[in-house]
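Residue numbers (our numbering): 202 to 631.
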């Protein structure tokens, strides 16, 4: 299994856990009195419901989230196979710093579930890929448990999660301006939540990779882990949705920042060049994004992304030799003193800032999904054009080459996904 870092408040060494398809998080809470009553009945059966209202509120959120995530795991098994194993961190810092649930409540619910046969400890966490124990363990959910969520209505929780968090840190963020902007979006989203069946979604936590808030910054919430087909079945104020998706956000940002683009003016897909005949879009995208992610054009070994594109060692060398001359913007990755803004973690900050400005300017229920905006279908074209204008002005503000990104609009027509492409433009003043 792949290893991903978690943090510890007491120790500095890296702590790892196996990669789970679901890691228990306080995502949702009961959306109706009937669901609340049913959750309380389940908690009472587990011996967890007590007289302290604040603890019961935390337990409701954690159990509701567990049931939702169990359902998602079951759905994944139905589609792809696998097992009902959920990751459950044992580390005190995970529960204290990443949310307001607290370690005591999380431990209490976990032990009660084990005692009553809801879950069984299956995977021992590891500090590294070779040996040792860590803080995130795998628990096999009993087959009958996902069905306990049937008929329950959930909604996003905003009382027990922090607006922003920092990865691999023993401290939560303390930037009020950043927090307030995120909470303002929550308020807007709450007025018209993104709805899928009985699930109403309106909060997403913003996650940075460093305490300086210069890396990462993307939003992660219930909709960011949904299948694309599920998201397109969502509604906003009972209206069907569409996804406005920037075509190659990081690459387009790289065009603007470096001032170098293979396109003289208009383009519809930054990953497709006529001069690169014989190399597929999938191959170009995999190699370019691996280069941006690693901050180097000399990617001598295939990354996971490259392997998933079916590219072996010899093919990687062939593609790299063709791509580097064609995409002059990649030269910026060769310079040891190149600004950090060229690399993916820093590009994510620019990406999210642009997306937030679109929502803040339009003041519409538009949900951010990395380089994509989810909005009502009949407003999608206007949202996309506003996105282009915001990207353009952001370039001017930062002294980059003015650029408008290409974007697609995806929506459902029956059960078929339809797509509309809108061209972008590099340096229209040229």
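All residues carry an ideal CB built from backbone N, CA and C; glycine is no exception.
Residue 456 places its beta carbon 8 angstroms or farther from that of residue 591.
Excluding its 5 nearest sequence neighbours in each direction, residue 477 has C-beta neighbours in its own chain below 8 angstroms: 485, 523, 524, 527, listed in chain order. Relative to the Cα of residue 619, the nearest Cα in the group 410, 513, 444 belongs to 444. Along the stretch 457-507, the alpha helix (DSSP H) occurs as fully enclosed runs of 4 or more residues at 482-495, listed in sequence order. Contact between residue 221 and residue 287 holds, since their C-beta atoms are separated by about 6 angstroms, short of 8 angstroms. For the alpha helix (DSSP H) assignment, the uninterrupted runs of no fewer than 4 residues enclosed by the stretch 542-591 are, from N- to C-terminal side, 545-563.
The C-beta separation of residue 343 from residue 318 comes to about 6 angstroms, placing the pair in contact by the 8 angstroms criterion. Straight-line measurement puts the Cα of residue 624 at about 23 angstroms from the Cα of residue 617. For the stretch 341-407, the full-length alpha helix (DSSP H) segments reaching 4 residues or more read 377-392 along the chain.
The distance from the Cβ of residue 266 to that of residue 229 is about 5 angstroms, consistent with a contact at the 8 angstroms cut-off. Counting every other CB atom within 10 Å of its CB across the protein chains shown gives residue 417 a total of 16 or more, marking it as buried. If you draw a straight line from the Cα of residue 357 to the Cα of residue 508, it is about 36 angstroms long. Distance from the CA atom of residue 479 to the CA atom of residue 511, rounded to whole angstroms, is 15 angstroms. Between residue 468 and residue 607 the beta-carbon gap is near 6 angstroms, inside 8 angstroms, which marks them as a contact. Assignment of residue 289 by DSSP, reduced to helix, strand and coil, places it in the strand class.
Within its own chain, the residues whose Cβ lies closer than 6 angstroms to the Cβ of residue 423, once the five positions on either side in sequence are excluded, are 228, 402, listed in chain order. Here residue 238 is not near residue 346, since their CB atoms are 8 angstroms or more apart.
Of the candidates 282, 251, 420, 420 places its Cα closest to the Cα of residue 553.
Nearest to residue 595 by C-alpha distance, out of 558, 565, 612, is 558. Taken atom to atom, the span from the alpha-carbon of residue 251 to that of residue 257 is near 7 angstroms. Looking at the DSSP output, residue 440 shares a beta bridge with 437. DSSP, read as helix, strand or coil, puts residue 598 in helix. In the DSSP assignment, residue 625 falls within the unbroken beta strand (DSSP E) covering 625-627.
Per the DSSP secondary-structure output, residue 232 pairs with nothing in a beta bridge. Taken through DSSP and simplified to helix, strand or coil, residue 446 comes out as strand. Boundaries around residue 608 are those of the beta strand (DSSP E), 608-614, since no alpha helix (DSSP H) includes it. A straight-line Cα-Cα distance of about 19 angstroms links residue 482 and residue 573. A straight line joining the alpha-carbon of residue 339 with that of residue 562 spans about 43 angstroms. When the alpha-carbon of residue 277 is set against those of 601, 556, 428, 547, the nearest one is in 428. Counting along the chain, residue 420 sits inside the beta strand (DSSP E) bounded by residues 417-421. For residue 289 against residue 273, the beta-carbon gap comes to about 15 angstroms, at or over 8 angstroms, which does not count as contact.
Rounded to the nearest whole angstrom, the CA to CA distance from residue 275 to residue 543 is 39 angstroms. Residue 324 is bridged by DSSP to 339.
Looking at 464, 575, 349, the one whose alpha-carbon comes closest to that of residue 438 is 575.
Taking every protein chain shown into account, the CB of residue 505 has fewer than 16 other CB atoms within 10 angstroms, so this residue is exposed.
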